[in-house]
Each structure stands twice: as structure tokens, then as C-alpha cells.
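I have placed the structure first, in the form of C-alpha cells, so that the comments after it can refer back to it.
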Amino acid sequence: NASFAVEEGKVVITSPSKNGIDLDVEKGIEKISHQLILENGKKSNTATTIELPYREINPPLSSEDVEKLKINKLIGEGKSNFKGSPKNRIFNINVATSRYNGILIKPGEEFSFVKILGEVDGEHGYLPELVIKRDKTEPEFGGGICQVSTTTFRAAIYSGLKITARRNHAYPVRYYNPQGMDATVYVPRPDLRFINNTPGYILIQTKIEGTELIFQFYGTDDGRKIEIIGPKITEKNPDGSMKATFTQNVYDNDGNQIISDIFNSSYDSPSKYPHPGQEPILTEKPNEWSKNEWTKYKKEHNIQ
4 NASFAVEEGK
14 VVITSPSKNG
24 IDLDVEKGIE
34 KISHQLILEN
44 GKKSNTATTI
54 ELPYREINPP
64 LSSEDVEKLK
74 INKLIGEGKS
84 NFKGSPKNRI
94 FNINVATSRY
104 NGILIKPGEE
114 FSFVKILGEV
124 DGEHGYLPEL
134 VIKRDKTEPE
144 FGGGICQVST
154 TTFRAAIYSG
164 LKITARRNHA
174 YPVRYYNPQG
184 MDATVYVPRP
194 DLRFINNTPG
204 YILIQTKIEG
214 TELIFQFYGT
224 DDGRKIEIIG
234 PKITEKNPDG
244 SMKATFTQNV
254 YDNDGNQIIS
264 DIFNSSYDSP
274 SKYPHPGQEP
284 ILTEKPNEWS
294 KNEWTKYKKE
304 HNIQ
């Protein structure tokens with residue numbers, strides 16, 4: 004496909020399209036079978052070369068398809084701030100963000116954050132950083148990617164798109180203020196998904212300004228109106244646990260309501276997910292531990 008970007012409010016081609024080739028499997032099998040019959044029983048030290056038949060195919064989006072995109076407006080924008088992040092987290096945010104810049108979402112298509120993200124490991128450019136996993140906060144490749152998914156979620160919300168999958172973090176994370184508008188992801192799930200319910204393509208553009216991550220969704224102006232109520236904290240406890248909520252209302256050009264979704268978030272106390280070096284000292288042997296494991300643990304932690 005051709006690659007596109009938005010410059011001075013207009014869609015421009017950043018990389019031209021190229022025709023591809025499609026192997027003609029049936030004709031290829033015929034040619035190979037025919038050659039095998041010809042060589043049956045013959046001894047030869049010379050390799051045989053067979054030119055496989057193929058046909059040229061056009062890309063779904065060519066350089067001439069700019070008008071087909073129907074992109075004429077910035078329809079929504081999401082922002083988040085990662086101020087105070089350690090260097091590995093910042094590095095991972097940059098790597099993950101680059102995966103989404105220039106992504107096109109077809110009309111009616113369901114966007115999957117995890118599908119586009121792909122593998123998350125050292126081979127794919129990520130560094131170890133803290134992630135929330137099970138009952139701990141521990142280093143793992145890709146820590147910080149949720150900054151990107153959270154910003155994507157906010158852009159989708161403010162674009163009036165239909166959210167089909169979203170989960171809040173286990174506990175409140177300061178990088179995702181205001182609380183209640185975050186979206187956690189982890190391969191293969193949880194995922195962040197939403198549907199392009201606009202009449203044209205959506206082009207994602209990303210940028211980082213200082214410590215602010217910005218996702219911009221460019222698409223077709225269909226006259227919709229978006230109303231976001233909140234987010235607001237509905238419960239806040241001394242241990243850091245809390246609950247938050249916000250509402251997304253979307254109206255079409257005639258004033259008819261097409262979306263009315265409430266997003267409730269329930270956050271545990273951060274103390275339940277200790278960081279490295281913060282793990283509480285056990286006073287009783289866990290049921291799944293062996294006697295030897297418990298004896299070793301008590302010795303390491305000077306437990307009588």
C-alpha cells in the first residue's frame with residue numbers, strides 16, 4: 004500500500020504504492036509435476052531450474068487513491084503525559100508509538116491495538132521496564148506500552164468511535180491522570196479494540212512534544228457531535244484504591260444519539276502489587292510451597 008500522512012491539513016503520500024506478485028499455485032504444481040515426470044529415472048548431477056508462474060496484483064490502496072480515503076478533518080485527539088518516566092520506559096513508548104503512526108483504519112473495520120503492536124520482546128526493539136503482572140509490578144520487555152494504548156483510547160473516545168474492548172489498570176498509575184481514562188493491554192489480551200463507525204478511512208498520526216504523547220485521528224467530517232462527561236472519582240480510599248467513571252455520548256448530524264456508553268473503572272490499592280524490593284515478608288508458608296522452599300525462605304529472611 005501507499006503510505007500517507009497529513010501535512011498542513013492535507014493528506015499527502017509519504018511512500019508510493021508498489022504492485023505485488025501472486026504465485027499461481029495450480030499452474031506452478033503442473034510445471035513441477037511435469038518436470039518430475041520428465042526426469043523420472045534419469046540420473047543427473049545438474050540442478051533443474053523451474054520458473055514458477057505468477058501474476059501481478061495491485062495494492063488495495065495505491066498512490067492514486069488519496070480521494071478514496073475521504074479524509075478531510077481532524078476528528079479526534081488523545082493526549083497523555085509520561086513526565087518522570089525512567090529512560091527505558093521512554094524508549095519503549097517511542098518504539099510502540101512508531102508502530103501506529105500512519106496506520107489506516109477502513110470504514111467499518113475493528114481496530115485491534117494488540118494486532119498492530121505485534122510481538123513485544125528484545126528482538127522487536129523493547130527494553131525491560133516495570134509492568135503490572137498478576138500480583139506484582141515487575142520488569143518485563145515493553146513496560147510503558149500502556150501509555151500508548153491509553154492515548155489511543157482517548158483519541159478513539161474523542162473521535163466518537165465505538166469502543167468494543169477496554170480494561171482499566173489494576174491500580175491507579177500517575178502517568179494516566181485523569182484516572183478513569185486509561186486502557187491497559189498485554190499480548191495477547193487484554194486488548195484495546197474499537198470500530199471505525201465513520202463513512203471514511205481514519206488515518207492515525209502520532210507525535211511526542213516534550214513529555215506529552217499525542218494521537219491524532221484524521222477522518223471524514225460527518226457532522227457528529229461528541230459529549231464526554233467526566234472522568235470523575237466516585238470513590239477514593241486511604242489505601243489508594245478508587246473508582247472512577249466517565250460517559251461517552253455521540254450524536255449524528257441530525258441530533259440522534261448513536262452511542263451512549265459508560266466506562267466504569269475500579270482500581271485496587273497499589274500496595275497489593277509491590278515493586279521490586281517492596282514485597283511483603285511472609286509469616287506463614289503458602290499452601291503451594293514445599294517444606295524445603297519454606298525453610299529456605301525463612302533462612303533468607305531471618306524468620307524464626
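Just so we're on the same page, this note's numbering is the position in the sequence shown counted from 1, plus 3. Glycine residues also receive a C-beta, built at the ideal position from the N, C-alpha and C atoms. In this text, all values refer to a predicted model and were calculated from it rather than measured experimentally.
Check: What residues in its chain sit with their C-beta under 6 Å from that of Pro234, if we drop five residues either side in the sequence?; Outcome: Pro181, Gly183, Met184, Ala247 and Phe249
Check: Please name the residue in Ser36, Tyr270 and Lys46 whose C-alpha comes closest to that of Val176.; Outcome: Tyr270
Check: Could you check if Arg169 is buried or exposed, using at least 16 other CB atoms within 10 Å of its CB as the buried criterion?; Outcome: buried
Check: Determine, using beta carbons only, whether Asp194 and Val117 come nearer to each other than 8 Å.; Outcome: yes
Check: Counting only runs of 3+ residues fully inside the segment 216-296, write out the beta strand (DSSP E) ranges in chain order.; Outcome: 228-239, 245-254 and 260-270
Check: On the three-state DSSP scale, how would you describe Val69?; Outcome: coil
Check: Does the beta-carbon of Gln208 have 16 or more other beta-carbons within 10 angstroms, so that it is buried, or is it exposed?; Outcome: buried
Check: Where does Ala173 land, buried or exposed, given buried means 16+ other C-beta within 10 angstroms?; Outcome: buried
Check: Buried or exposed for Ser18, going by 16 or more other Cβ atoms inside 10 Å?; Outcome: exposed
Check: According to DSSP, is Asn91 part of a helix, a strand, or is it coil?; Outcome: helix
Check: Give me the DSSP bridge partner(s) of Ala168.; Outcome: Arg196
Check: Leaving out five residues before and five after Val69 in sequence, what residues of the same chain have Cβ atoms less than 6 Å from its Cβ?; Outcome: Val14
Check: For Tyr276 and Ile135, what's the separation of their Cα atoms in angstroms?; Outcome: 7 Å
Check: Return helix, strand or coil for Gln150, following the three-state DSSP convention.; Outcome: helix
Check: Can you tell me where the beta strand (DSSP E) holding Gly31 begins and where it ends?; Outcome: First-last for Gly31: Val28 to Glu42, but that is the alpha helix (DSSP H), not the beta strand (DSSP E).
Check: Please classify Gly87: is it buried, with 16 or more other beta-carbons within 10 angstroms of its beta-carbon, or exposed?; Outcome: exposed
Check: What would DSSP say about Ile106, mapped onto helix, strand or coil?; Outcome: coil
Check: Where Glu212 and Gly258 are concerned, what is the direct C-alpha to C-alpha distance, given to the nearest angstrom?; Outcome: 36 Å
Check: Assuming Arg205 contacts Gly226 under a Cβ cut-off of 8 Å, what Cβ separation, rounded to an integer in Å, is found between them?; Outcome: Position check: residue 205 holds Ile in this sequence, whereas Arg was assumed. Not quite, the Cβ-Cβ distance comes to about 16 Å (not below 8 Å), so this is no contact.
Check: Would you be able to state if there are at least three C-beta pairs under 8 Å between the segment 125-144 and the segment 52-60?; Outcome: no
Check: In three-state terms, what does DSSP make of Val9?; Outcome: strand
Check: What does the Cβ neighbour count give for Ser36, buried or exposed, with the cut at 16 atoms within 10 Å?; Outcome: exposed
Check: Can you tell which of Asn171, Leu107, Ser293 and Glu296 has the C-alpha that lies nearest to the C-alpha of Gln219?; Outcome: Leu107
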